[in-house]
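Q: First, the structure itself, so that you have it in front of you.
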Amino acid sequence: MLLASMTYITPRLDAAPAVDSYPTGDIVTNVTWGPGSSPYIINSIITISPIGSLTIMPGTEVRFGDDCGMIVEGVLEAGFDNGTVRFTGENGSAPGTWSGFIVRNGGEAVFEHANISGADTVFNLTGGRVTLRNSTMSSFSSTALLNMSSVMKVVNMTYDNSTVTFVDGSSRLETFAYVSFNVIDIHSLPLGDVEVDVMDVSSNIRISYMVNSTGEVPPHLLRGFTHSSGGVNRTTGEYSVIMSDFPFTHYLNTSVTVTGDRQQREILRFSWPPEMTNVPDRYFAYEDMLGVLQCSVLDRNEVGSVSVNISSGNVTYDAVHEELVFAYRNESKSHETVFINLTDGYDARSYAVNVTVVFRDDPPVFFIPRSIINVKENVPYVLGATIQDEDTPIEELVFTTDDPDNVSYDPKNSTFIFLYPDGTPSEFTVNLTISDGTTSVTRKVDVFFRAVNYPPYFRGPFPEIEIPEDTFIVLDMAPYMADPDIGDELELEMESGSYEIFSVSLLGTKLNISSLTDRNGYGRVLLTIRDRENLTDSEYLNVTITPVNDPPTLSYPDCNVSEGGAATFEVIYRDIDGDIPLSMDLIMDGVSHNMSPFADDVLDPVNGIHYRITLELPSGTHNYSFHCSDGEFEELLGPFELNITETIETSYVEGFGGLVNVTVFFSGELSLVLVEDTVEEDLSGEDEVQICSFRLEGDPADILVMIIKVWPMSLDPTVDGRFSRVMILDSNGSTELMEKDYNSVSGALSFEINGTAVGSDLVVLALRDPELDSDNDGVPDVSDEFPLDPHEWRDLDGDGVGDNSDEDDDGDGFPDSLELEAGTDPNSTSSRPKDTDGDGILDYLDEDDDQDGMPDEWELRYSLNPLDPSDASEDPDGDGFTNLRRTGP
């Protein structure tokens, strides 16, 4: 007990002997002062010796003179429960009127119901002990001065401990107070039958009390604060209070601090915690299945409401149905302890439930953000997906699809890759399935496929074509033509770059290459493959025409006989292979005579070598012919007949700047008359031009032969379109006598006319050939703006660049390739690619031409106008969903 540590001095019960009311000197025996001699006047310092004691009875008053007091080295006991002992100054009770009590050297003073006033320092303790119970101190300078392990105890009284001075650290001041307890419930009503256990926190001493039926515990003396040097608390009067009720074995903890005030009263509020019935210690929950326990909440304090808080998000309390609901949706936890906390605002209770979760095999979670996709040919479309499985690692899930050739799965990134080739249907459905081996989930994706037209191409390499001259070859190009687009219609075009060596024609995919007569060498053909959208690929086919030894030719035989009978014979030798003749002879009457070339002639067998020989012939008729050999072939021209007895003369006429030469072999009287020599300055736009007209006058029988030679008007088609044909007409210009062209000969055209033409005007015409194709590009010169360029023939926009080289044929600012891709006419300035919504993206590239939020493919699919932005907000069926909301992505 706390009180056991306090010192009690038992008073003597016999009557106090009579004493002097003015005591002096030391007290060395047991002395008692009583009210009969009161008041006691002390005008000195009285000392109670270590062997003496002084007992002052209730009702006694002791007065001290100025600076007087009492030294206690023995025992001083003043007052009891039945009266008051008063200590004051003789001359009043002002502070400092008397010196106070000095307790030292083991002395001890006990005051009960004492009234002390007017002292300077009430207690000066030096190794002494003082106990004050139910007493008062007033009008003093300071309460006490403690030194040398002195102890001062104050019981059930109020004082100012700040006036106590500690000289050393071992002295202390202890306070005690009577504390009573009242126990009430939450409604502030007295509560009985409660045990109150009070424990001194500093000493762990426990005291138990029973509350009476009115909820009261009588006052009990409890330790308050203990002060030490400097007034610092050594201990506090802190007590732990535990209240318990036996019916429910409920404990409620609180604490009380003893302040030292008289009759301290503590109100203790006792409450019962709320309860929940049927709460198990252990529970088995099943994943994805609701578990329900019937559990009622009991409001013990009758507050009206109890709050239920549960530590796990997997467990809830249904207050309406009074049920605990266990709902474990995933496999994140196999075990957990769930705390169920109840509180009514006054008290609380917690329950712990150990939950074991029984897992099941869950199907995979498979979600794709869109079920409709637009896929472009040969362009991967990546569709992200959300794939989860509580039971199976993602990398172990199995992906299957009904289109495995074109759909793949990337488990690392949870994406599906759609890649479709040419020939894919425009609209179809693909099923995507994710399986964990036991269960599976399938999602459908509607695929809208947009084909891409890829350019055709040639499979190479082409064969190296080699044919002998004067032959041809037919080559089927179909095996070399290819297009990535299935079913695309292809067109083959050709353009010869070597029209001077061989000719080329095309029928379908079959290419006919024919060498020109007596032409050989290396050349090539440009082949172009074109698809339905005018996408092209071009490659060259190399052609070699190997030379063949052609027989030589003899032409333009001529004979001039002088009056003396000397005959000069001329002939032109040609060999397309360039072979110089091994022999060139005139065979006169069966005898060979070697002919010689003109002295100033260049020996050019290709263009012709002029050979001549002059023989003195006797009169009469002679037969002659010309013979040559190149070592492999021989050529014979003739025979001709010559009558030396007749007079032979020649006559010449030249027309149109020397382009026409007429030679007439005749006998008798003939004359050659030039009727008209036509000179044209501007031949543009003319299809025919009269070069000249002439007439023979005389006897037709006198004509041996008339040879008309006409040289080409021009070799440059850009000058006059190349007049490539010559026609000889009769006098009225209606009957065609003879017609030749320059395409098959080199040099002049030669016409031989007999004597039937005597007396008629002969007209020489130069004609422009409408079929002439100088560059062999398939376009006649009359329509070819580039007649010598086999790669060009037209300049649509007139910029001087042929359309084949011009990237913008119609000059509308859009390249031909872009117009072909956009589906507009690259040859028409009025046909241009459109940008309907003006966003800088041409319609054929813009997936939403009218910028109404709906892709063009969607609008076409739902019969909407992809060029009308107003149809996005329409609701044609009146169901509250606009076209944009219904069909948008």
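The sequence shown maps to residues 52 to 940 in my numbering.
Even glycine gets a Cβ: it sits at the ideal position worked out from N, Cα and C.
Remember, it's a predicted structure, so these values are computed and weren't measured experimentally.
With a 10 Å radius around its C-beta and 16 neighbouring C-beta atoms as the bar for buried, classify GLN315 as buried or exposed.
A: Within the sequence shown, residue 315 is the residue found at index 264, counting from 1. Buried, because 16 or more other Cβ atoms sit within 10 Å of the Cβ of GLN315.
Q: Under a three-way DSSP split, which group does SER87 fall into?
A: Reading the sequence shown from its first residue, position 36 is the one you call residue 87. It should be noted that the sequence gives Gly, not Ser, for residue 87. Of the three classes helix, strand and coil, the one that applies to GLY87 here is helix, per DSSP.
Q: Which class does ASP440 belong to by DSSP, given the choice of helix, strand or coil?
A: Counting from 1 along the sequence shown, the entry for residue 440 is found at position 389. Looking at ASP440 - three-state DSSP - the assignment turns out to be coil, as it is neither helix nor strand.
Q: Quick one: residues in its chain with C-beta nearer than 7 Å to the C-beta of ALA55, no 5 flanking neighbours on either side, listed in chain order?
A: For the purposes of this step, residue 55 is taken as the residue at position 4 of the sequence shown. Here ALA55 scores only 31 on pLDDT, less than 50, and its place in the model should not be relied on; the value that follows carries that caveat. Same-chain partners within the cutoff: there are none.
Q: Give me the Cα-Cα distance between ILE93 and THR80, rounded to the nearest whole angstrom.
A: Looking up residue 93 in the sequence shown gives position 42. Looking up residue 80 in the sequence shown gives position 29. Roughly 18 Å between the two C-alpha positions.
Q: Taking 8 Å as the cut-off, decide whether the C-beta atoms of PHE513 and SER565 are in contact.
A: The residue labelled residue 513 in the question sits at position 462 within the sequence shown. The residue labelled residue 565 in the question sits at position 514 within the sequence shown. No. Outside cutoff.
Q: Pull up the DSSP beta-bridge partners for ALA195, would you.
A: On the sequence shown, position 144 is the one that residue 195 refers to. For ALA195, which the question treats as bridged, DSSP gives the partners PHE174, VAL215.
Q: Name, in chain order, the residues that DSSP records as bridge partners for ALA160.
A: Here residue 160 refers to the residue found at position 109 when the sequence shown is read from its first residue. LEU127, VAL181.
Q: Decide yes or no for the touch test of the segment 604-614 against the segment 539-548: beta carbon pairs closer than 8 Å, at least 3 of them.
A: No contact exists between the segment 604-614 and the segment 539-548.
Q: Taking only three categories from DSSP, how would you classify TYR460?
A: Locating residue 460 in the sequence shown gives position 409, where the first residue counts as 1. Of the three classes helix, strand and coil, the one that applies to TYR460 here is strand, per DSSP.
Q: Assuming VAL496 contacts ILE424 (C-beta within less than 8 Å), just tell me the rounded distance between them.
A: Locating residue 496 in the sequence shown gives position 445, where the first residue counts as 1. Locating residue 424 in the sequence shown gives position 373, where the first residue counts as 1. With 8 Å as the limit, VAL496 and ILE424 qualify as a contact, their Cβ atoms being about 6 Å apart.
Q: Going by beta carbon distance, what residues of the same chain come within less than 6 Å of THR490, once the five residues before and after it are set aside?
A: As a first step, residue 490 is located in the sequence shown; it is residue number 439 there, counting from the start. So the qualifying residues of the chain are PRO414.
Q: Below 8 Å, can you find three or more Cβ-Cβ pairs linking the segment 481-489 to the segment 555-562?
A: With a cut-off of 8 Å, the segment 555-562 and the segment 481-489 do not count as touching, because too few Cβ pairs lie within range.
Q: Would you call SER477 buried or exposed, if buried means 16 or more other Cβ atoms sit within 10 Å of its Cβ?
A: For the purposes of this step, residue 477 is taken as residue 426 along the sequence shown, with counting starting at 1. When all chains shown are included, SER477 counts as exposed.
Q: Can you name, in chain order, every residue of its own chain whose Cβ lies under 8 Å from the Cβ of PHE691, other than the five neighbours on each side?
A: For the purposes of this step, residue 691 is taken as the residue at position 640 of the sequence shown. Closer than 8 Å at the Cβ level, and outside the excluded window around PHE691, lie PRO608, CYS610, ASN674, TYR675, SER676.
Q: What's the C-alpha gap between ASN133 and THR75?
A: Here residue 133 corresponds to residue number 82 of the sequence shown, with the count starting at 1. Here residue 75 corresponds to residue number 24 of the sequence shown, with the count starting at 1. Answer to the nearest angstrom: the Cα atoms are 28 Å apart.
Q: Kindly indicate which three-state DSSP category SER72 falls into: helix, strand or coil?
A: Within the sequence shown, residue 72 is the residue found at index 21, counting from 1. SER72: coil per DSSP, three-state reduction.
Q: Note down, in chain order, each residue of its chain lying with its Cβ closer than 6 Å to the Cβ of ASN405, except the 5 sequence neighbours on either side.
A: As a first step, residue 405 must be located in the sequence shown, where it is residue number 354. These residues qualify, in order along the chain: ARG333, THR388.
Q: Suppose the cutoff is 8 Å on Cβ atoms and the five residues either side in sequence are ignored; what does the same chain contact list for LEU654 look like?
A: Here residue 654 is taken as the residue at index 603 of the sequence shown, counted from 1. Closer than 8 Å at the Cβ level, and outside the excluded window around LEU654, lie ILE631, PRO648, ILE660.
Q: Helix, strand or coil for TYR368? Go by DSSP, reduced to three states.
A: Taking the first residue of the sequence shown as position 1, residue 368 is located at position 317. It is a strand residue.
Q: Please name the residue, chosen from PHE410, TYR73, VAL409, ASN464, that lies closest to GLY435 on a Cα-to-Cα basis.
A: Counting from one through the sequence shown, the residue named residue 435 turns up at place 384. Selected option, being the one with the closest Cα: ASN464.
Q: Is the separation between the beta-carbon of LEU578 and that of LEU567 shorter than 8 Å?
A: Residue 578 sits at position 527 when you count from the first residue of the sequence shown. Residue 567 sits at position 516 when you count from the first residue of the sequence shown. Their beta carbons are not under 8 Å apart, which means LEU578 does not touch LEU567 by this criterion.
Q: Is it true that the CB of ALA160 sits closer than 8 Å to the CB of VAL181?
A: In the sequence shown, counting from the first residue as 1, residue 181 sits at position 130. In the sequence shown, counting from the first residue as 1, residue 160 sits at position 109. In contact: VAL181 and ALA160 (Cβ atoms closer than 8 Å).
Q: Does the beta-carbon of ALA336 have 16 or more other beta-carbons within 10 angstroms, so that it is buried, or is it exposed?
A: Translated into the one-based positions of the sequence shown, residue 336 becomes position 285. The residue in question, ALA336, is buried, as its Cβ has 16 or more Cβ neighbours within 10 Å.
Q: Starting from the C-beta of TYR531, find all residues in its chain whose C-beta is less than 8 Å away, skip the five residues before and the five after it, and write them out in chain order.
A: Here residue 531 is taken as the residue at index 480 of the sequence shown, counted from 1. Here the set comprises PHE509, ARG510, GLY511, PHE513.
Q: Which of the three DSSP states is assigned to SER921 in this structure?
A: Working through the sequence shown from its first residue, we reach residue 921 at position 870. Note: SER921 maps to helix in three-state DSSP.
Q: I'd like to confirm the pairing. Which residues does DSSP put opposite LEU693 in its beta bridges?
A: By 1-based counting over the sequence shown, the position of residue 693 is 642. In the DSSP output, where bridge partners are listed per residue, LEU693 has HIS673.
Q: Should GLU225 be flagged as near chain B, meaning a C-beta pair shorter than 8 Å?
A: No chain B appears in the structure shown, which is made up of a single protein chain.
Q: What ranges does the beta strand (DSSP E) occupy inside the segment 572-622, keeping only unbroken runs of at least 3 residues that lie completely in it?
A: Segments of the beta strand (DSSP E) lying fully in the segment 572-622: 572-581, 587-597, 604-612.
Q: Within 10 angstroms of its Cβ, does VAL409 collect 16 or more other Cβ (buried), or is it exposed?
A: Within the sequence shown, numbered from 1, the residue matching residue 409 stands at position 358. Answer is exposed; the Cβ neighbour count stays below 16.
Q: Return the Cβ separation of VAL354 and ASP395 in integer angstroms, given the expectation that the two are a contact with Cβ distance under 8 Å.
A: Walking along the sequence shown from the start, residue 354 turns up at place 303. Walking along the sequence shown from the start, residue 395 turns up at place 344. Correct: roughly 4 Å between the Cβ atoms.
Q: Kindly indicate which three-state DSSP category SER680 falls into: helix, strand or coil?
A: To locate residue 680, count along the sequence shown from 1; it is residue 629. Strand.
Q: Pull the bridge partners of ALA399 from the DSSP assignment, please.
A: Counting from 1 along the sequence shown, the entry for residue 399 is found at position 348. ALA399 pairs with THR394.
Q: Please name the residue or residues paired with TYR337 in a DSSP beta bridge.
A: Working through the sequence shown from its first residue, we reach residue 337 at position 286. For TYR337, which the question treats as bridged, DSSP gives the partners VAL409.
Q: Can PRO603 and ASP681 be called in contact, C-beta distance under 8 Å?
A: Indexing the sequence shown from 1 puts residue 603 at position 552. Indexing the sequence shown from 1 puts residue 681 at position 630. Yes, the Cβ-Cβ distance between PRO603 and ASP681 is below 8 Å.
Q: Give me the residue from PHE191, GLU520, ALA533 with the minimum Cα distance to ASP601.
A: Counting from one through the sequence shown, the residue named residue 601 turns up at place 550. Among PHE191, GLU520, ALA533, the Cα nearest to that of ASP601 belongs to GLU520.
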